[in-house]
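Read the structure below first, then the notes.
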Amino acid sequence: MEFSNLPQVILLCGLIFFVTVLWRIFSIYAQSNKNGYSPPEPAGAWPIIGHLHLLLGANKLLHHVFGAMADKLGPVFSLQLGIHNTLVVSSWEVAKECFTVQDKVFSDRPTTLAVKIMGYDRAMLGFLPNGPEWRNLRKLVMVELLSNRRLDKLKHIPESEVNLFVRGLYGLWKSKGEGSVPVVELTERFGDLTTNVVVRMVAGKRYFCDGGFKNEEARRFQQATKNFLHLVGLFMVSDVVPLFGWIDSLTGYKGKMKKTAKEMDSILEGWMKEHQQKRKLSSIDELEQDFMHVMLSIQESDPSAQISDTAVKGTCLTLLIGGYDTAMVTLTWAVSLLLNNRHVLRKVQDELEKHVGRDRQVLHLTLARLLHGFELGTVLDMPIDMTEGPGITNPKATPLEVTFRPRLDPSLYI
72 MEFSNLPQVI LLCGLIFFVT VLWRIFSIYA QSNKNGYSPP EPAGAWPIIG HLHLLLGANK
132 LLHHVFGAMA DKLGPVFSLQ LGIHNTLVVS SWEVAKECFT VQDKVFSDRP TTLAVKIMGY
192 DRAMLGFLPN GPEWRNLRKL VMVELLSNRR LDKLKHIPES EVNLFVRGLY GLWKSKGEGS
252 VPVVELTERF GDLTTNVVVR MVAGKRYFCD GGFKNEEARR FQQATKNFLH LVGLFMVSDV
312 VPLFGWIDSL TGYKGKMKKT AKEMDSILEG WMKEHQQKRK LSSIDELEQD FMHVMLSIQE
372 SDPSAQISDT AVKGTCLTLL IGGYDTAMVT LTWAVSLLLN NRHVLRKVQD ELEKHVGRDR
432 QVLHLTLARL LHGFELGTVL DMPIDMTEGP GITNPKATPL EVTFRPRLDP SLYI
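Shown next, in the form of structure tokens:
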């Protein structure tokens, strides 16, 4: 029998015993310090990792897990996630209280490995801690970028993109031969539409046309954005148990984050240099001033605003990421639900015909234009698969393939 590794085994057993005792002491101390108003927490916390094992699993979706816990524990409960004591709210009334009445209490944001690496070390508005820099950027975004006045000047962008979206579907139907009922995958087309709108408003670029990339930069941007959204939603060991953060390097995710950050920064840096060059060569018409032009203009004219190049890129990245996935996912689920509830779909179309008629089209409302302009159906009249996929925006797990044909006069699609 080989006993050469016996000291290591004894050391490991001693370490496990020590950690277990330490955790037990900490648990007793924490329990003794809880008052009667502390939220309940599920049983089964483990040493070091706490309740993490209850959340992890190949087929577990977090909102389902939290929903099941809320059914047992109530709308407000706590979890121990490694070193962090976490409050989980599963009630819109309580969430409203947190973000309105108690907003200062909940104003801080946790630092995660993904945000630190890919988010310019928390220079993105959505991840900055509450302080002068955050308030300055928030004021810039709300007053200069997302004000009614600015959005009104840029309203031609969503209008033109929705027109091109509808025209593209009509062109696809016509290419298949009139009288046909072709099949189209809508999720990807919704993604191209929302990307064009957001990127044009942020940087004045149009990346997609007729279901394809316009250039290599467009392909790079889409891939980098998908990678960002995937990586920012992953569980990282260092976020909950910093002592074992070295594991993140072994999994390869830390390297992927650095690669994605480099690629995204390369794209944003290129946009910024193009804008700076344009500003040197000629003045920019106000209607052509995208968000990046506005921020660079303030950066040049008002040094007291303290808008660094990193702040410009971080704010642009915030707006891009915030607008890329959410609109696409929302439109996908909305159409899926309507196709699985045909009586509601018919009611929507009847309302549109009543208030808009069949001799004109709704303006730039994507869903309304789609439902008003086309008869939608499913392949073999089968119900839509409503399986949810993993991700922070709750995407649909399977493609949204629908049949379609125009329902208005052909002149309205040109």
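The numbering used here numbers the first residue of the sequence shown as 72 and each following residue consecutively. Backbone N, C-alpha and C fix where the C-beta goes; we use that ideal spot for every residue, glycine too.
May I have the straight-line CA-CA distance separating residue i from residue j, to the nearest angstrom?
| i | j | result |
| --- | --- | --- |
| residue 468 | residue 354 | 46 Å |
| residue 356 | residue 269 | 19 Å |
| residue 480 | residue 278 | 30 Å |
| residue 338 | residue 131 | 34 Å |
| residue 238 | residue 254 | 16 Å |
| residue 159 | residue 385 | 28 Å |
| residue 163 | residue 173 | 14 Å |
| residue 444 | residue 359 | 30 Å |
| residue 436 | residue 236 | 11 Å |
| residue 432 | residue 422 | 13 Å |
| residue 276 | residue 347 | 15 Å |
| residue 77 | residue 152 | Because the pLDDT of residue 77 is 43, which lies under 50, any placement of that residue in the model is unreliable, and the number read from its coordinates should be weighed accordingly. Taking the straight line from one Cα to the other gives about 33 Å. |
| residue 428 | residue 257 | 25 Å |
| residue 156 | residue 280 | 47 Å |
| residue 455 | residue 470 | 10 Å |
| residue 142 | residue 379 | 47 Å |
| residue 459 | residue 317 | 32 Å |
| residue 341 | residue 194 | 19 Å |
| residue 167 | residue 161 | 11 Å |
| residue 150 | residue 418 | 44 Å |
| residue 227 | residue 190 | 30 Å |
| residue 244 | residue 466 | 27 Å |
| residue 176 | residue 203 | 16 Å |
| residue 73 | residue 179 | A caution first: residue 73 carries a pLDDT of 43, below 50, which makes its placement in the model unreliable, though a value can still be read off. When rounded, the distance between both Cα atoms is 54 Å. |
| residue 241 | residue 484 | 7 Å |
| residue 344 | residue 365 | 14 Å |
| residue 375 | residue 369 | 10 Å |
| residue 482 | residue 420 | 19 Å |
| residue 119 | residue 200 | 27 Å |
| residue 461 | residue 127 | 12 Å |
| residue 413 | residue 230 | 28 Å |
| residue 271 | residue 314 | 43 Å |
| residue 367 | residue 383 | 8 Å |
| residue 220 | residue 144 | 46 Å |
If you check the beta carbons only, do residue i and residue j fall under 7 Å apart?
| i | j | result |
| --- | --- | --- |
| residue 396 | residue 300 | yes |
| residue 273 | residue 391 | yes |
| residue 214 | residue 198 | no |
| residue 122 | residue 116 | yes |
| residue 110 | residue 147 | yes |
| residue 133 | residue 310 | no |
| residue 476 | residue 252 | yes |
| residue 304 | residue 463 | yes |
| residue 196 | residue 389 | yes |
| residue 438 | residue 405 | yes |
| residue 233 | residue 440 | yes |
| residue 442 | residue 473 | no |
| residue 362 | residue 216 | yes |
| residue 325 | residue 319 | yes |
| residue 409 | residue 416 | yes |
Got a sec, what are the start and stop residues for the alpha helix (DSSP H) residue i sits in?
| i | result |
| --- | --- |
| residue 207 | 203 to 211 |
| residue 303 | 287 to 303 |
| residue 229 | 227 to 246 |
| residue 412 | Here residue 412 belongs to no alpha helix (DSSP H), and DSSP marks it neither H nor E. |
| residue 362 | 362 to 372 |
| residue 170 | 163 to 170 |
| residue 348 | 324 to 352 |
| residue 126 | 123 to 126 |
| residue 149 | Here residue 149 belongs to no alpha helix (DSSP H); instead the beta strand (DSSP E) covers 147 to 152. |
| residue 435 | It is not in any alpha helix (DSSP H) - residue 435 carries neither H nor E in the DSSP assignment. |
| residue 141 | 133 to 144 |
| residue 184 | 184 to 189 |
| residue 222 | 219 to 224 |
| residue 452 | No alpha helix (DSSP H) holds residue 452; DSSP gives it neither H nor E. |
| residue 308 | 308 to 311 |
Tell me the residue span of the beta strand (DSSP E) that contains residue i.
| i | result |
| --- | --- |
| residue 445 | 445 to 449 |
| residue 475 | 472 to 477 |
| residue 160 | 155 to 160 |
| residue 256 | 254 to 256 |
If residue i and residue j are in contact, beta carbons under 8 Å, what's the gap, nearest whole angstrom?
| i | j | result |
| --- | --- | --- |
| residue 329 | residue 154 | Actually they do not touch by this definition, with Cβ atoms about 24 Å apart. |
| residue 295 | residue 331 | 6 Å |
| residue 140 | residue 113 | 6 Å |
| residue 291 | residue 259 | Not a contact, Cβ separation roughly 17 Å. |
Can you find a CB in chain C that lies within less than 7 Å of the CB of residue i?
| i | result |
| --- | --- |
| residue 341 | As a matter of chain content, chain C is missing from the structure shown, which is built from one protein chain. |
Discussion item. Using a Cβ distance threshold of 8 Å, determine whether the segment 204 to 224 contacts the segment 401 to 409, with at least three qualifying pairs required.
Written reply: Touching, no.
Worksheet item: Given 8 Å as the limit, is there contact between the segment 238 to 251 and the segment 447 to 461, that is, 3 or more CB pairs closer than that?
Response: No, because fewer than three Cβ pairs between the segment 238 to 251 and the segment 447 to 461 fall closer than 8 Å, the two stretches do not touch.
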